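Asks:
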Amino acid sequence: MAYQGGIGGTFKNLWSPDLTTRAGALSAAQTASTALTIVATLSVLRLWFSVGTDNLVRLIGDANPIILIAVAHIVLMFVAAALLRQGRGIIVGILATLLYFLSTILNGTPTSWIVGAVLLGAMVGGVRGAIALKRGEGFSDDVYETFA
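In the numbering used here, each number is its position in the sequence shown, counted from 1, plus 1408.
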């Protein structure tokens, strides 16, 4: 048997997880939840370090559209992470993943694109896992032996 490890195998497992079992689909959704939590936390830190606490509160109070969009994006990622942790939240997860993809392409550097590709792979695999859980049928662990 040939060697199948390495980073290519890891990325393939993130992008295309094992969705033949409920445990595999839930694990994929929880991996996406972790990726979204990491991205949202880093976004909070980036916003806080770039604006500062006092200015951030003032800009939110002044209804600055850029800051409000950034805060809404962060809240959406946290909500999607919480729902995907439970195996739900397909639409919110898709929306958060698309917004993350667009923001990485538009605001990123080549280094952030590489890291973003790995995180995006985890998010896509997790959304696929949540879709498989919503469908709820066709899992290999649902097959019972008649004469066991």
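Note that beta-carbon positions come from the ideal geometry of N, C-alpha and C, so glycine has one too. Quantities reported herein were computed from a predicted structural model and do not represent experimental measurements.
Go through its chain and collect everything with a Cβ distance to Ile1446's Cβ below 8 Å, but skip five positions before and after it.
Replies: Indexing the sequence shown from 1 puts residue 1446 at position 38. Closer than 8 Å at Cβ, skipping near neighbours: Leu1527.
Asks: Given this structure, state the Cα-to-Cα distance separating Ala1433 from Asn1515, to the nearest angstrom.
Replies: If you number the sequence shown from 1, residue 1433 lands on position 25. If you number the sequence shown from 1, residue 1515 lands on position 107. Cα to Cα, the separation comes out at about 31 Å.
Asks: Tell me which same chain residues have a C-beta within less than 7 Å of the C-beta of Phe1509, skipping the five on either side of it?
Replies: In the sequence shown, residue 1509 corresponds to position 101, counting from 1. Leu1528, listed in sequence order.
Asks: Under the three-state reduction of DSSP, which class applies to Pro1473: helix, strand or coil?
Replies: In the sequence shown, counting from the first residue as 1, residue 1473 sits at position 65. Three-state DSSP puts Pro1473 in a helix.
Asks: Report the option in Ala1504, Thr1428 and Gly1533 whose CA atom is closest to the CA atom of Ala1478.
Replies: Numbered from 1 along the sequence shown, position 70 holds the residue referred to as residue 1478. Considering only alpha carbons, the answer is Ala1504.
Asks: Helix, strand or coil: which one does DSSP assign to Leu1453?
Replies: Residue mapping note: residue 1453 aligns to position 45 of the sequence shown, counting from 1. Correct three-state label for Leu1453: helix.
Asks: So what's Thr1517 in DSSP terms, helix, strand or just coil?
Replies: Counted from its first residue, the sequence shown places residue 1517 at position 109. Note: Thr1517 maps to coil in three-state DSSP.
Asks: So, for Gly1497: in the same chain, excluding its five sequence neighbours on each side, which residues have a beta-carbon less than 8 Å away from its beta-carbon?
Replies: Start at 1 with the first residue of the sequence shown, and residue 1497 comes out as number 89. These residues qualify, in order along the chain: Val1487, Ala1488, Ala1490, Leu1491 and Ala1538.
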